[in-house]
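Remarks on the structure that follows.
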Amino acid sequence: MNNKIYIETYGCQMNVADSETVASILDVNNYKIASEINNADVIIINTCSVRDNAEKKIWSRLDFIKSIKRKNKNLIVGIIGCMAQRIGEKMLEHPIVDFVAGPDAYRYLPELISNSYLNNKFCNTDFNINETYSGILQKKKDNENMSGFIAITRGCNNFCSYCIVPYTRGRERSANYNDIINEVKKLQENKFKELTLLGQNVNSYYFEDNLNKVNFPSLIEMVAKNAPEMRIRFTTSHPKDLSDELIDVIARNKNICNHIHLPVQSGSNKILERMNRKYTREWYLNRINVIKSKIPDIGLSSDIFCGFSGETEEDFQQTLSLMEEVCYDMAFMFKYSERPGTYAAKSLIDDVPEDVKKERLNRMIHLQNKISLKKNKADIGKTFEVLVEGFSKRSKEMLFGRTEQNKVVVFPSLNKKQGDTVMITIKDASSATLKGEITNS
Ligand code: SF4
Numbered sequence: 001m002n003n004k005i006y007i008e009t010y011g012c013q014m015n016v017a018d019s020e021t022v023a024s025i026l027d028v029n030n031y032k033i034a035s036e037i038n039n040a041d042v043i044i045i046n047t048c049s050v051r052d053n054a055e056k057k058i059w060s061r062l063d064f065i066k067s068i069k070r071k072n073k074n075l076i077v078g079i080i081g082c083m084a085q086r087i088g089e090k091m092l093e094h095p096i097v098d099f100v101a102g103p104d105a106y107r108y109l110p111e112l113i114s115n116s117y118l119n120n121k122f123c124n125t126d127f128n129i130n131e132t133y134s135g136i137l138q139k140k141k142d143n144e145n146m147s148g149f150i151a152i153t154r155g156c157n158n159f160c161s162y163c164i165v166p167y168t169r170g171r172e173r174s175a176n177y178n179d180i181i182n183e184v185k186k187l188q189e190n191k192f193k194e195l196t197l198l199g200q201n202v203n204s205y206y207f208e209d210n211l212n213k214v215n216f217p218s219l220i221e222m223v224a225k226n227a228p229e230m231r232i233r234f235t236t237s238h239p240k241d242l243s244d245e246l247i248d249v250i251a252r253n254k255n256i257c258n259h260i261h262l263p264v265q266s267g268s269n270k271i272l273e274r275m276n277r278k279y280t281r282e283w284y285l286n287r288i289n290v291i292k293s294k295i296p297d298i299g300l301s302s303d304i305f306c307g308f309s310g311e312t313e314e315d316f317q318q319t320l321s322l323m324e325e326v327c328y329d330m331a332f333m334f335k336y337s338e339r340p341g342t343y344a345a346k347s348l349i350d351d352v353p354e355d356v357k358k359e360r361l362n363r364m365i366h367l368q369n370k371i372s373l374k375k376n377k378a379d380i381g382k383t384f385e386v387l388v389e390g391f392s393k394r395s396k397e398m399l400f401g402r403t404e405q406n407k408v409v410v411f412p413s414l415n416k417k418q419g420d421t422v423m424i425t426i427k428d429a430s431s432a433t434l435k436g437e438i439t440n441s
């Protein structure tokens, strides 16, 4: 049976978790994961649609796969994820695409694949408001039991005016907390060291049954108590829903990592309103100050983009001054990329010239590198608990791992291995990495 599957994943951690769910669904249908793309009978590309570049990457990848299909005429190629959902049926017009499946249709993949073998091209982009795939334990690509992901919510109801996600992932729904705790226990049984609770907006998690009403702060505390040996992380948060209750839960649970990823997007109230972000600069800074006052050694990161519709130099200066005031350890920074089908694409003019967008993005990156370097230099001499993730790309003598603040640390291996927890004293730092030595083993 042609049952070797090769899954290629693009985009966010949500897609990484989805690819592991897909691998698990196919595994129980006797499909095996191929290690090499050239050994595959079926290639599945899990796509992202958040920016134009993300989709361009997929079209050029399909051109590459054309050459593989020329050598293997029976090869089946499927497109899944957000781009599949956004473009849908039209993707079947591509000569080598055999099936298309949106983020709520992964349970139908075995059927879609067998139909493809009968030369029936199918597209399933139906939304299913009840679909959370909960109870399906993700199948890791290389069976490493290090970091696990659990998608606690799917979809999004926030409709930020620039964002394609509500159109590609549907309405928000929360998984049953009992299923989540079962998955946590399975990860713990399988000796996972860390788990990340995932969602487009984890803070709005809510599930109620006749026994309990569970919001996100109570869910993450439940998870922390059920997996005391594991490091607990979560992403992504929305500032409008980041409560004092959650900050207190993080502060009082040692195994919930002191790191919050809190996308701000812009520092200008005018632009935040045009983005439909539903908070103000003042609200955001208040959240940051409360976090810092209750968790002084917190690690903070964000998503920020420039060049949105109507952004003036003055608005942009607001973003730079907010970055200076918050002093993020790290930030993902972009220039605005209009997405078809969003409110912004329909109703707001993309009026900031491309060269101005690029120039502002460079200024943001330059400022953030300066801030990250200053913050990392301030860690020299401090000792952190680090979870070893693997060998550094640069040398097999060096290992890398992360502090609970989500900072990357490289250090001489001293026969330590992936999955070990070590104490590292920081000796030097760059804007992206801390360098240190194992203090005691
Ligand atoms: S919160 Fe806004 S930016 Fe985030 S996924 Fe939802 S709509 Fe998109």
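Per the numbering used here: the sequence shown = residues 1 to 441.
Note that the Cβ used here is the ideal one computed from N, Cα and C, for glycine as well.
1. Comparing C-alpha positions only, which one of S114, D126, V202 and N115 sits nearest to A151?
2. Go ahead and pull the three-state DSSP assignment for T132.
3. Could you check which residue in D420, I380, E397 and E385 has the C-alpha nearest to that of K435?
4. Could you check what DSSP says for Q265 in three-state terms: helix, strand or coil?
5. Under 6 Å, CB to any heavy atom of ligand 1. Which residues pass, going along the chain?
6. Since E437 is in the beta strand (DSSP E), which residue starts that stretch and which ends it?
7. Compute the Euclidean distance between the alpha carbons of N286 and T168, then round it to the nearest angstrom.
8. In angstroms, rounded to a whole number, what distance separates the CA positions of E172 and K396?
9. Please report whether the beta-carbon of F192 lies at a distance below 8 Å from any beta-carbon of chain B.
10. Alpha carbon to alpha carbon, what distance is there between Q318 and I371?
11. If distances are taken between C-alpha atoms only, which option among D329, A344 and D350 comes closest to I365?
12. Could you tell me the distance, in whole angstroms, from the CA atom of E389 to the CA atom of L219?
13. CA-CA distance, K186 and E311?
14. Determine the burial state of S302: buried for a count of at least 16 other Cβ atoms within 10 Å of its Cβ, exposed for fewer.
15. On the three-state DSSP scale, how would you describe K374?
16. Going by DSSP, what residue range makes up the alpha helix (DSSP H) through I58?
17. How is D428 classed by DSSP in three states: helix, strand or coil?
18. Apply the 10 Å Cβ neighbour rule to A378 and answer buried if 16 or more other Cβ atoms are within range, or exposed otherwise.
19. Using only the alpha-carbon positions, how far apart do K382 and T425 sit?
20. Decide if G102 is buried, meaning its Cβ has at least 16 other Cβ atoms within 10 Å, or exposed.
21. Which of the three DSSP states, helix, strand or coil, is assigned to A331?
22. Using a threshold of 8 Å, state whether the C-beta atoms of T9 and N15 are closer than that.
23. Go through its chain and collect everything with a Cβ distance to I247's Cβ below 8 Å, but skip five positions before and after it.
24. Using 8 Å as the threshold, is the segment 126-140 in touch with the segment 43-59, meaning 3 or more CB pairs across them?
25. Indicate the three-state DSSP secondary structure (helix, strand or coil) for A40 in the structure shown.
26. Just the Cα atoms here: how many angstroms apart are M222 and N176?
27. Quick one: using the 10 Å Cβ neighbour count with 16 as the cut-off for buried, is F64 buried or exposed?
28. In this structure, how does DSSP classify I5 when only helix, strand and coil are distinguished?
29. Check whether the Cβ atoms of M398 and V409 sit closer than 8 Å, and answer yes or no.
30. Quick check: what's the CA-CA separation for I37 versus I43?
31. So what does M423 bridge to, in DSSP terms?
32. By Cβ distance, which residues of its chain are closer than 7 Å to N3, with the 5 residues on each side in sequence left out?
33. Can you find the residues in the same chain that come closer than 6 Å, C-beta to C-beta, to Q368, ignoring five residues on each side of it along the sequence?
34. For A105, I'd like the list of residues in its chain whose CB is within less than 7 Å of its CB, leaving aside the five on either flank, ordered along the chain.
35. Got a sec? Which residues, its chain only, sit under 6 Å from V326 by beta carbon, not counting five neighbours each side?
Taking the definition as stated:
1. V202
2. coil
3. I380
4. strand
5. C156, N158, F159, C160, C163, V165, P166, Q200, N201 and H238
6. L434 to I438
7. 32 Å
8. 43 Å
9. The structure shown has no chain B; it contains just one protein chain.
10. 16 Å
11. D329
12. 26 Å
13. 48 Å
14. buried
15. helix
16. D52 to K71
17. strand
18. exposed
19. 6 Å
20. buried
21. strand
22. yes
23. V290, I291, K294 and I295
24. no
25. coil
26. 13 Å
27. exposed
28. strand
29. no
30. 7 Å
31. E385
32. N30, Y31, K32 and D41
33. A331
34. N124, T125 and D126
35. I288
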